[in-house]
Amino acid sequence: MQDLLYFFQQLINGLTIGSTYALIAIGYTMVYGIIGMINFAHGEIYMIGAYTALIAITGLATLGIAWLPLILIVALLCAVIVSSSMGWAVERVAYRPVRGRHRLIPLISAIGMSIFLQNYVHLAQGSRNIGFPALMEGSFRFGSAEGFQLSLSYMQITIFITTLVCMTILSLFISRSRIGRACRAVSQDLGMANLLGIDTNRIISATFVIGAALAAVAGLLLGMYYGSVDPLFGFIAGLKAFTAAVLGGIGSIPGAMLGGLILGVAESMTSGYLSGEYKDVVSFSLLILILLFKPTGLLGKPEVEKI
Amino acid sequence: MATPNFKHALFCAIVTLIIAYPILGLNLVAQGTKVGLEGATTSTVISVVLAAFVVFFFQLFRDSIMGNLGKLPKLNPLSGREPMPQAKRAKLESWVLTAIVVFALFWPFLVSRGSVDLATLVLIYVMLALGLNVVVGLAGLLDLGYVAFYAVGAYTFALLSQYFGFSFWAALPIGACLAALFGLVLGFPVLRLRGDYLAIVTLGFGEIIRILLNNWTAVTGGPNGIGGIPEPTLFGMEFGRRVKEEGNTSFHETFGIAYSGEHKVIFLYLIALVLAVITALVIRRLMRMPVGRAWEALREDEIAARSLGLSRTAVKLSAFTIGAFFAGFAGTVFASKQGFISPESFVFLESAIILAIVVLGGMGSQIGVILAAIAVTILPELAREFADYRMLIFGAAMVLMMVWRPQGLMPMRRIHIELKRQE
Chain A
-8 MQDLLYFFQQ
2 LINGLTIGST
12 YALIAIGYTM
22 VYGIIGMINF
32 AHGEIYMIGA
42 YTALIAITGL
52 ATLGIAWLPL
62 ILIVALLCAV
72 IVSSSMGWAV
82 ERVAYRPVRG
92 RHRLIPLISA
102 IGMSIFLQNY
112 VHLAQGSRNI
122 GFPALMEGSF
132 RFGSAEGFQL
142 SLSYMQITIF
152 ITTLVCMTIL
162 SLFISRSRIG
172 RACRAVSQDL
182 GMANLLGIDT
192 NRIISATFVI
202 GAALAAVAGL
212 LLGMYYGSVD
222 PLFGFIAGLK
232 AFTAAVLGGI
242 GSIPGAMLGG
252 LILGVAESMT
262 SGYLSGEYKD
272 VVSFSLLILI
282 LLFKPTGLLG
292 KPEVEKI
Chain B
649 MATPNFKHAL
659 FCAIVTLIIA
669 YPILGLNLVA
679 QGTKVGLEGA
689 TTSTVISVVL
699 AAFVVFFFQL
709 FRDSIMGNLG
719 KLPKLNPLSG
729 REPMPQAKRA
739 KLESWVLTAI
749 VVFALFWPFL
759 VSRGSVDLAT
769 LVLIYVMLAL
779 GLNVVVGLAG
789 LLDLGYVAFY
799 AVGAYTFALL
809 SQYFGFSFWA
819 ALPIGACLAA
829 LFGLVLGFPV
839 LRLRGDYLAI
849 VTLGFGEIIR
859 ILLNNWTAVT
869 GGPNGIGGIP
879 EPTLFGMEFG
889 RRVKEEGNTS
899 FHETFGIAYS
909 GEHKVIFLYL
919 IALVLAVITA
929 LVIRRLMRMP
939 VGRAWEALRE
949 DEIAARSLGL
959 SRTAVKLSAF
969 TIGAFFAGFA
979 GTVFASKQGF
989 ISPESFVFLE
999 SAIILAIVVL
1009 GGMGSQIGVI
1019 LAAIAVTILP
1029 ELAREFADYR
1039 MLIFGAAMVL
1049 MMVWRPQGLM
1059 PMRRIHIELK
1069 RQE
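From first to last, the protein sequence lines are chains A and B.
Numbering follows our numbering, with no gaps: position 227 of the first sequence is 218.
Each number in our numbering corresponds to the 1-based position in the second sequence with 648 added.
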């Protein structure tokens, strides 16, 4: 019984982290699906989202506003606005001019952008990690009082619900809206979509903006969950999310969701049963193994090499 | 003035404000256990607003500005000149290189200890960058975990000397070969992957190595690192004041000169110089050999190269292994120079710096890469007050280079024929 409870606890923790990875992974997967490049700076956009949310929360606290839903909504809005502007600007400055060149060139440009943004925040806000105020405390507890207790915190529930809402909105947006339809068309064939009168530049910008907005949501959630942010916090999270995107099949949105959840659970099981230090090793090894044995991922389509 | 331009310019200016003001203008400060918010200085706010204005006006008059820029006479007066004949150029290049090496041999005896120390570091970066240049510049494989091989070289020497008492000279080939072996073992499965996947996998590999070094405390000392790594000896002569090991003599006693701490520093510098020159020469030869041609052929057009009978795996693997070998070389020298190593020295940022050197110098070009290594290492030392901005500038420089001059500052030149475009 104890063991089972412990297992479920790890599962819950894993799904919590995993659902935020999924949110970040969507940004990678959408951009990859459309222009076939890895947006290396995506992790930094997520980090900036977390910082902005923290700035907004602190600002509201200074103004003396203490009503939790208002704080969360304002923080979320600020994070989303700043991050999506950042996503738009990054695409404009660093990716659009190099689009269509040799594959390594956009990638190196993206790495440069990632280093730049990391240091931009580092210089502006300092390198120390800053604590998020604990806004949501308490949890539901299950199990006997003397033994191991399964706990499901309010924060975790918030994360699940928010992720679910975001995913639903995104799916509806992609499948129903005009821009969503254009996105799908562009990801199938950019040149053809252009010929048919779709403004592909605008669609690519929109993809970056949507990805950045979801990353900002993840930034707020994970910042609150972990309780602190620092300028390097986006780098590892970005890599994990990329792993999730690859795991699910890069280019596929449901794949990114699935990949995120699997990765989160795998990590949390590693820290629960082996050691917390090796959880990064496990996720990177997972990444390497998938790329070696099933480069298309779980739900991805095989890429035909065109000559 | 066209309205769409105005709208776009306004939008760009607002975006600039949105991305700059919250991060730059509002600073989070820790107040005890709580976090407070502080407005930035007025000058920061003014510069943010100014930046927004600059963006606004630039976007507003973008077309005319870019048009006028295009009309400006070329800044480089030599740009219209015919390129030098290949034979003359090669001759000149080898003369210049020889002169630089000769100068570098005598230079340390004239300057202070600090500059010699810095120069040793520059040479280590030169080795690393030349090695990575083979992988990224010539073979076109983006390796973001290059620092892992550097770490393998450094840790091999540190561990061998700690547990088995190996000297620098014995450990140097072992470290380099072990790093090459790592490159071979990693490369074998992953080189089938496409360019960008390869980049991520190597990045993951680099992180794995670092995490293992950090956590395998029993052997590597974990985050505390390994200290007491011996310095190189010259035919059994040590450079310390007292001889540490049985059977060795000390340098200053043998030659009957007064002890000076500078001997050791200069000796290390000379070793690094010799190794860097060896690296450069070996790679220079390799570039002209069939294997070097094959690297470039595969980079330019994989399908064409394969249909001409090149083995993709063998060619890529050779580039990867050779790159790793020289990283191991550099790692051994680094361990010996520092006398102490820890996983801190082998983070992703280090890989990014080496990559930045290769990119700035011009992928594939040896002279360009060497000059970039010197510039990237020395400039931050000269402008110490800007040291914080170093990585910021690196990042920006990488982006700008890719946008404006992806071939680098000193691109590689090759004998080639350009096909005329069909009208």
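Ideal Cβ positions, reconstructed from N, Cα and C, are used throughout, including at glycine.
*asked:* Taking the beta carbon of Asp271/A as the centre, do at least 16 other beta carbons fall within 10 Å, making it buried, or is it exposed?
replied: buried
*Are Tyr42/A and Leu252/A closer than 9 Å when you measure CB to CB?*
Contact: no.
*Is the CB of Arg169/A under 9 Å away from at least one CB in chain B?*
no
*List the residues of chain B whose Cβ lies closer than 7 Å to the Cβ of Asp190/A, in chain order.*
Neighbours of Asp190/A on chain B: none; closest Cβ ~13 Å, over 7 Å.
*What did DSSP end up calling Ile859/B once you bin it into helix, strand or coil?*
helix
_I need the DSSP call for Glu686/B, collapsed to helix, strand or coil._
DSSP places Glu686/B in strand when its eight states are reduced to three.
*Are the beta-carbon atoms belonging to Ile102/A and Leu1040/B less than 9 Å from one another?*
No, these two residues do not count as a Cβ contact at 9 Å.
*Note down, in chain order, each residue of its chain lying with its Cβ closer than 8 Å to the Cβ of Met649/B, except the 5 sequence neighbours on either side.*
Low local confidence applies: a pLDDT of 49 at Met649/B is under 50, so the model's placement there is unreliable, with the coordinate-based value given in what follows. The residues are Leu708.
*Would you say Pro821/B reaches chain A, if we count a Cβ-Cβ gap shorter than 9 Å as a contact?*
no
*asked:* Determine, for Met1060/B, whether the minimum Cβ-Cβ distance to residues of chain A falls below 9 Å.
replied: no
*Do Glu855/B and Phe133/A have their C-beta atoms closer together than 9 Å?*
no
*Compare the Cα-Cα distances from Gly250/A to each of Ala204/A, Gly9/A and Pro97/A and report the closest residue.*
Gly9/A
*Beta-carbon separation (whole angstroms), Pro871/B vs Trp817/B, contact threshold 8 Å*: Contact between Pro871/B and Trp817/B does not hold, since the beta-carbon distance rounds to 29 Å and is not under 8 Å.
*What number of angstroms, rounded off, separates the C-alpha of Ile189/A from the C-alpha of Tyr1037/B?*
41 Å
_Asn716/B in three-state terms, based on DSSP_ = helix
_Is there a C-beta anywhere in chain A that falls below 9 Å from the one on Glu998/B?_
no
*Exposed or buried, which one is Arg858/B when buried takes at least 16 other CB atoms within 10 Å?*
Buried, because 16 or more other Cβ atoms sit within 10 Å of the Cβ of Arg858/B.
*asked:* Quick check: the Cα distance between Thr53/A and Leu685/B, rounded to an integer number of angstroms?
replied: 8 Å
*Please check the pair Ala983/B and Ala802/B, which I expect to be a contact at CB under 8 Å, by giving their CB distance rounded to whole angstroms.*
4 Å
*Could you tell me whether the segment 253 to 269 of chain A touches the segment 208 to 215 of chain A, where touching means 3 or more Cβ pairs closer than 8 Å?*
Counting Cβ pairs under 8 Å, fewer than three are found: no touch.
*Local Cβ density within 10 Å of Thr664/B, reported as buried at 16 or more and exposed below that*: buried
*Contact check, Phe199/A vs Gly34/A, beta carbons under 9 Å*: Cβ atoms of Phe199/A and Gly34/A: not closer than 9 Å.
*Identity of the residue in Trp864/B, Ala945/B, Gly813/B and Glu948/B nearest Pro991/B by Cα*: For Pro991/B, the nearest C-alpha among the options comes from Trp864/B.
*What does Met367/A reach in chain B if we use C-beta pairs closer than 7 Å?*
With chain A running from -8 to 298 in the structure shown, residue 367/A is simply not present.
*Partner residues on chain A for Met1039/B, Cβ-Cβ distance less than 9 Å*: Ile106, Phe107, Gln109, Asn110 and His113
*Identify the residues that DSSP records as bridge partners of Gly122/A: which are they?*
Ser219/A
*asked:* Using 9 Å as the threshold, is the C-beta distance between Tyr23/A and Ile29/A below it?
replied: yes
*Under 7 Å between beta-carbons, which chain B residues line up against Ala85/A? List them in chain order, please.*
Val1047
*asked:* Between Ala1004/B and chain A, is the shortest Cβ-Cβ distance under 9 Å, so that the two count as touching?
replied: It does: the Cβ of Ala1004/B has a partner Cβ on chain A nearer than 9 Å.
_Reference Tyr773/B, options Arg1032/B, Leu1003/B and Lys719/B, closest by Cα_ = Leu1003/B
*Since Phe805/B is in the beta strand (DSSP E), which residue starts that stretch and which ends it?*
Run containing Phe805/B: none in the beta strand (DSSP E); it sits in the alpha helix (DSSP H), Tyr794 to Phe812.
*Start and end of the alpha helix (DSSP H) containing Val783/B?*
Unbroken run through Val783/B: none, as it is neither H nor E.
*asked:* Between which two residues does the beta strand (DSSP E) holding Asn675/B run?
replied: Leu674 to Gln679
*Of all the CB atoms in chain A, is at least one closer than 9 Å to the CB of Met649/B?*
Note that Met649/B has pLDDT 49, beneath the 50 cutoff, so the model's placement of it is unreliable and no number is given.
*Between which two residues does the alpha helix (DSSP H) containing Leu956/B stretch?*
Where Leu956/B is concerned, there is no enclosing alpha helix (DSSP H), given that its DSSP letter is neither H nor E.
*Using a Cβ-Cβ cut-off of less than 9 Å, list which residues of the segment 671 to 692 of chain B approach chain A; keep chain order.*
Ile671, Leu672, Gly673, Leu674, Asn675, Leu676, Val677, Ala678, Thr681, Lys682, Val683, Gly684, Leu685, Ala688 and Thr692
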